[in-house]
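In terms of the working numbering, the sequence shown opens at residue 1 and continues consecutively.
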Amino acid sequence: MVYFVSDLHLSTSDEGKVREKIFITWLNDIKYNADKIFLLGDMFNFWFEYEKVVPHGYTRFLGKLAELIDEGIEIHYFVGNHDMWINDYFSNDIGLKVHCDMAEIEIGPCRFFLGHGHELTKNIPDKLLFKIYNNALFRNMLGAIHPRWGISLGNYLSEKNNKKNVSDIMRSDGNNYQMDFARQQLKNKHYDYFIFGHTHLPSIQKLSSDSSYINTGDWINFLSYAVFDGNDVQLKYYSKE
Ligand SMILES: [Mn+2]
1 MVYFVSDLHL
11 STSDEGKVRE
21 KIFITWLNDI
31 KYNADKIFLL
41 GDMFNFWFEY
51 EKVVPHGYTR
61 FLGKLAELID
71 EGIEIHYFVG
81 NHDMWINDYF
91 SNDIGLKVHC
101 DMAEIEIGPC
111 RFFLGHGHEL
121 TKNIPDKLLF
131 KIYNNALFRN
141 MLGAIHPRWG
151 ISLGNYLSEK
161 NNKKNVSDIM
171 RSDGNNYQMD
181 FARQQLKNKH
191 YDYFIFGHTH
201 LPSIQKLSSD
211 SSYINTGDWI
221 NFLSYAVFDG
231 NDVQLKYYSK
241 E
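What follows is the structure, encoded as structure tokens:
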């Protein structure tokens, strides 16, 4: 089985810690049949990795990923707009396969197009903001601020941005811009599945007779994920019972 999940938005707040616990319970449930897991971005509400220092917190989440990787499960990490400042800690220390961009991936007989999906936004201010975030000079400047201030600032901005975004998204055109992109891609090349996150709106839709769009939703409201059994992708909702 191959699992796809996004937008856990882990934080070091009490609420974030509860979410971390629930997510680890889910990982423990799926590990028996998981061959691969694709984490499709914004797993952290804010992650900034300094050259020699990583943010504290998230110990059990990162430890569980390391444990599953050591047991032979392949885990991919696509960066989102809240956690694009990943350096080599994720790949070298934890063993994750990190993707800084959307990517085409073959799994069994099927071709997937995967990513967090923020890259596709048609909202101009957001587009600009993501460009600045990704800019080397901006990264270096943020990296030069002492972590005590850098992380606090990042946490504050992410928390603010996140609250704004979720309500904005609910009022916006939802997943349409991601589906438009998928339809555009299909004109040049066949993909069996397009799977993104970012919008926090879980969805599965047919794009054509042999191609589908899936949004993995989030773990703030939905506890949603997608699973591929080698044949077909399904959208599911985790319940702790
Ligand atoms: Mn996002």
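Glycine included, each C-beta is placed from N, C-alpha and C at the ideal position.
Below 8 Å, can you find three or more Cβ-Cβ pairs linking the segment 85 to 95 to the segment 39 to 52?
Yes, since at least three Cβ pairs between the segment 85 to 95 and the segment 39 to 52 fall closer than 8 Å, the two stretches touch.
So does Asn81 have its beta carbon nearer than 7 Å to some heavy atom of ligand 1?
Locating residue 81 in the sequence shown gives position 81, counting from the first residue. In this structure, Asn81 has its beta carbon less than 7 Å from a heavy atom of ligand 1.
To the nearest angstrom, how far is the alpha carbon of Asp180 from that of Ser208?
Here residue 180 refers to the residue found at position 180 when the sequence shown is read from its first residue. Here residue 208 refers to the residue found at position 208 when the sequence shown is read from its first residue. Rounded to the nearest angstrom, the two C-alpha atoms are 13 Å apart.
Quick check on DSSP: helix, strand or coil for Leu10?
Translated into positions along the sequence shown, residue 10 becomes position 10. In this structure, Leu10 counts as strand in the three-state DSSP scheme.
Between the beta-carbon of Tyr177 and the beta-carbon of Leu96, is there less than 8 Å?
The residue you call residue 177 lines up with position 177 of the sequence shown. The residue you call residue 96 lines up with position 96 of the sequence shown. Not in contact: Tyr177 and Leu96 (Cβ atoms no closer than 8 Å).
Can you give me the C-alpha to C-alpha distance between Ile195 and Asp29, rounded to a whole angstrom?
Locating residue 195 in the sequence shown gives position 195, counting from the first residue. Locating residue 29 in the sequence shown gives position 29, counting from the first residue. Distance between the alpha carbons of Ile195 and Asp29 is about 22 Å.
Pick from Lys64, Ala182, Cys100 and Val233: whose alpha carbon is nearest that of Ile107?
Against the sequence shown, residue 107 aligns to sequence position 107. That would be Val233, whose Cα lies nearest to the Cα of Ile107.
Using DSSP bridges, identify the partner residues of Val2.
Counting from 1 along the sequence shown, the entry for residue 2 is found at position 2. Lys36 and Phe228.
Tell me whether Gly174, by its Cβ, gets closer than 7 Å to a heavy atom of ligand 1.
Locating residue 174 in the sequence shown gives position 174, counting from the first residue. Ligand 1 has no heavy atom closer than 7 Å to the beta-carbon of Gly174.
At a cut-off of 7 Å, would you count Gly41 as near ligand 1, judging by its Cβ distance to the nearest heavy atom?
Along the sequence shown, one-based indexing puts residue 41 at 41. With a threshold of 7 Å, the Cβ atom of Gly41 counts as near ligand 1, since some heavy atom of the ligand is closer than that.
Return the first residue and the last residue of the alpha helix (DSSP H) that Lys187 is part of.
Walking along the sequence shown from the start, residue 187 turns up at place 187. Where Lys187 is concerned, there is no enclosing alpha helix (DSSP H), given that its DSSP letter is neither H nor E.
Measuring CA to CA, which of Gly174, Pro109 and Gly57 is closest to Gly230?
As a first step, residue 230 is located in the sequence shown; it is residue number 230 there, counting from the start. Its Cα nearest to that of Gly230, the residue Pro109 stands out among Gly174, Pro109 and Gly57.
Could you check where the alpha helix (DSSP H) with Ile132 kicks off and where it finishes?
Locating residue 132 in the sequence shown gives position 132, counting from the first residue. Residue range Ile124 to Asn134 is occupied by the alpha helix (DSSP H) that includes Ile132.
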